[in-house]
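This report refers to the structure that appears directly beneath it.
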Amino acid sequence: MDAVVIDGKKVSEQIKAELKVKVESLKKEGIIPGLAAVLVGNNPASESYVNGKARACEKIGVYSEVIRRPADITQAELETIVRGLNQRPEIDGILVQSPLPGHIDELTVTLTIDPHKDVDGFHPHSVGMLLLGRPTFRSCTPYGVIELMRRYNIDPSGKEVVILGRSNIVGKPLAAMLIQKAAMADATVTVCHSRTKNMKEICRRADILIAAMGRPELVQADMIKDGAVVIDVGINRVEDPGRDKGYRLVGDVDYEACRHKATFITPVPGGVGPMTIAMLLTNTVYSAEQRRLKA
Ligand code: NAP
Numbered sequence: 012m013d014a015v016v017i018d019g020k021k022v023s024e025q026i027k028a029e030l031k032v033k034v035e036s037l038k039k040e041g042i043i044p045g046l047a048a049v050l051v052g053n054n055p056a057s058e059s060y061v062n063g064k065a066r067a068c069e070k071i072g073v074y075s076e077v078i079r080r081p082a083d084i085t086q087a088e089l090e091t092i093v094r095g096l097n098q099r100p101e102i103d104g105i106l107v108q109s110p111l112p113g114h115i116d117e118l119t120v121t122l123t124i125d126p127h128k129d130v131d132g133f134h135p136h137s138v139g140m141l142l143l144g145r146p147t148f149r150s151c152t153p154y155g156v157i158e159l160m161r162r163y164n165i166d167p168s169g170k171e172v173v174i175l176g177r178s179n180i181v182g183k184p185l186a187a188m189l190i191q192k193a194a195m196a197d198a199t200v201t202v203c204h205s206r207t208k209n210m211k212e213i214c215r216r217a218d219i220l221i222a223a224m225g226r227p228e229l230v231q232a233d234m235i236k237d238g239a240v241v242i243d244v245g246i247n248r249v250e251d252p253g254r255d256k257g258y259r260l261v262g263d264v265d266y267e268a269c270r271h272k273a274t275f276i277t278p279v280p281g282g283v284g285p286m287t288i289a290m291l292l293t294n295t296v297y298s299a300e301q302r303r304l305k306a
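Mapping of the sequence shown onto the working numbering: residues 12 to 306, in sequence order.
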């Protein structure tokens, strides 16, 4: 039987509709959640991500502000902008869009963000709290993976989860989330990377296989076990002269081959992708709710 297709677009719309209700209730108490994005340079992909985030904010009633600066901004200038945003009470979330120009030390910029406004979940404070199993901002893409599973009643408790990829924004935080002694966690987690030996054998053990490598369709049907849940975080452009744009998007999983063997599978696009912004909004609204509690 074919796998159930996990519809990330639909789930992300549900989340946004739920957030809109929360935002309306916050507004009744005089609080408008606010998100500020700092965009450095003119990378078209970053521009499009930031615009997408701003549009999503607008749709649910969250105030959004984009601060654009040229690529030759200095480290000190960028940090001054972030410190200024830290001081503004109406800004609940701050994100500095990466990649940043080579002369900028990204970690130091992240460290400048007030951890109470770290809606991307990249600040070492958030990462540390996550590891300790304490409430904190969770980085948006892995948080989106967990939320997708939750909404499809896929409970990782006691399951063998194999994560392909160990980046700081996806693989590592996802592993940290899934090993917690907590709901939607309690999994036995293996993290693979480019130096992993016998990856195929390791993948075949997985009850839940999560691919986040940026390697087009590397996961083939012979790498998954019958009945596995397959979550594809990868987004890759592959040449396709048949398309107007000259390319199409594929994941790290060979979707057509694997969907006959899996029980659940995420498509690309339309799987994990739309969840990232939904979880960024979730973090921003959560941050505004904390502001209300402190008021
Ligand atoms: P990244 O920083 O490049 O990390 C890739 C990871 O995959 C690294 O840990 C690397 O291992 C590992 N890897 C690469 N090739 C491998 C191979 N052949 N076998 C095993 N492991 C391999 O990438 P990322 O930022 O985590 O992103 C991963 C993918 O997710 C990309 O396609 C990206 O576009 C996508 N993504 C999607 C969203 C979203 O849906 N919103 C968000 C973020 C990322 P080493 O550590 O050994 O180099």
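The C-beta atom is built at its ideal place from N, Cα and C for all residues, glycine as well. Computed from a predicted structure; not experimentally measured.
Query - 7 Å Cβ shell around Glu-117 - same chain, five flanking residues per side excluded - result: On the sequence shown, position 106 is the one that residue 117 refers to. Around Glu-117: Ser-109, Leu-111.
Report task. In the DSSP assignment, find the alpha helix (DSSP H) that holds Glu-300 and state where it starts and stops. Result -> If you number the sequence shown from 1, residue 300 lands on position 289. Looking at the DSSP string, the run of the alpha helix (DSSP H) that includes Glu-300 is 284-305.
Query raised in the report: First and last residue of the beta strand (DSSP E) that includes Tyr-163?
Result: Locating residue 163 in the sequence shown gives position 152, counting from the first residue. Taken as a continuous stretch (DSSP letters only), Tyr-163 belongs to no beta strand (DSSP E), as it is neither H nor E.
Report task. Taking only the alpha-carbon atoms, compute the straight-line gap between Arg-209 and Ala-273 and give it to the nearest angstrom. Result -> Residue numbering aside, residue 209 sits at position 198 when the sequence shown is read from its first letter. Residue numbering aside, residue 273 sits at position 262 when the sequence shown is read from its first letter. Contrary to the premise, residue 209 reads as Asn rather than Arg in this sequence. If you take the alpha carbons of Asn-209 and Ala-273, they lie about 21 Å apart.
Report task. Would you tell me roughly how many angstroms separate the C-alpha atoms of Ser-75 and Thr-121, rounded to the nearest one? Result -> Numbered from its first residue, the sequence shown carries residue 75 at position 64. Numbered from its first residue, the sequence shown carries residue 121 at position 110. Using only the alpha carbons, I get a separation of about 19 Å.
Query raised in the report: Taking just the CA atoms, how far does Cys-214 sit from Met-169?
Result: Residue 169 sits at position 158 when you count from the first residue of the sequence shown. Residue 214 sits at position 203 when you count from the first residue of the sequence shown. Before going further, note that residue 169 is Gly rather than Met in the sequence given. Answer to the nearest angstrom: the Cα atoms are 16 Å apart.
Requested in this report: Taking 8 Å as the cut-off, decide whether the C-beta atoms of Asp-5 and Ala-222 are in contact.
Outcome: Outside the displayed span of the chain (12 to 306) sits residue 5, for which this structure offers no information.
Query raised in the report: Less than 8 Å separating the beta-carbons of Leu-141 and Ala-194?
Result: Counting from one through the sequence shown, the residue named residue 141 turns up at place 130. Counting from one through the sequence shown, the residue named residue 194 turns up at place 183. The answer is no: Cβ separation not under 8 Å.
Query - Cβ pair count under 8 Å reaching 3, the region 67-84 against the region 47-54 - result: yes
Query raised in the report: Mind checking Leu-89: buried by the 16 CB within 10 Å criterion, or exposed?
Result: By 1-based counting over the sequence shown, the position of residue 89 is 78. When all chains shown are included, Leu-89 counts as buried.
Query - For Ile-71, three-class secondary structure by DSSP - result: Looking up residue 71 in the sequence shown gives position 60. Here Ile-71 sits in helix by DSSP.
Requested in this report: Return yes when the C-beta of Leu-175 is under 7 Å from any heavy atom of the ligand NAP, and no when it is not.
Outcome: In the sequence shown, residue 175 corresponds to position 164, counting from 1. Leu-175 Cβ: within cutoff of the ligand NAP.
Query raised in the report: CA-CA distance, Arg-66 and Glu-212?
Result: In the sequence shown, residue 66 corresponds to position 55, counting from 1. In the sequence shown, residue 212 corresponds to position 201, counting from 1. Approximately 43 Å between the Cα atoms of the pair.
**Report entry** Residue burial classification, Val-73 (beta-carbon count within 10 angstroms, cutoff 16)
**Finding:** On the sequence shown, position 62 is the one that residue 73 refers to. So Val-73 counts as buried.
Query raised in the report: Whose C-alpha, out of Arg-259, Thr-295, Ser-150, is nearest the C-alpha of Ile-71?
Result: Looking up residue 71 in the sequence shown gives position 60. Among Arg-259, Thr-295, Ser-150, the Cα nearest to that of Ile-71 is on Thr-295.
Report task. Report the residue from Leu-159, Gly-45, Val-138, Glu-58 whose alpha carbon sits nearest the alpha carbon of Ser-178. Result -> Stepping through the sequence shown from its first residue, residue 178 is reached at position 167. Taking only the C-alpha atoms, the option nearest Ser-178 is Val-138.
Requested in this report: Leaving aside the five residues before and after Ile-105 along the sequence, list all residues of the same chain whose C-beta is less than 6 Å from its C-beta, in chain order.
Outcome: Taking the first residue of the sequence shown as position 1, residue 105 is located at position 94. Same-chain partners within the cutoff: Ala-47, Leu-96, Ile-124, Lys-128.
Query raised in the report: Just to confirm, are Gly-257 and Ile-246 a CB contact at a threshold of 8 Å?
Result: Translated into the one-based positions of the sequence shown, residue 257 becomes position 246. Translated into the one-based positions of the sequence shown, residue 246 becomes position 235. It is not a contact, given that the beta carbons lie outside the stated cut-off.
Query raised in the report: Would you say the beta carbon of Leu-141 comes nearer than 7 Å to a heavy atom of the ligand NAP?
Result: In the sequence shown, the residue the question calls residue 141 occupies position 130. Incorrect: Leu-141 has no Cβ contact closer than 7 Å to the ligand NAP.
Query raised in the report: With a Cβ-Cβ cutoff of 8 Å, do Gly-63 and Gly-282 count as a contact?
Result: Position 52 of the sequence shown holds residue 63. Position 271 of the sequence shown holds residue 282. Cβ atoms of Gly-63 and Gly-282: not closer than 8 Å.
Query raised in the report: Between which two residues does the alpha helix (DSSP H) carrying Gly-95 extend?
Result: Locating residue 95 in the sequence shown gives position 84, where the first residue counts as 1. From DSSP, the alpha helix (DSSP H) with Gly-95 extends over 86-98.
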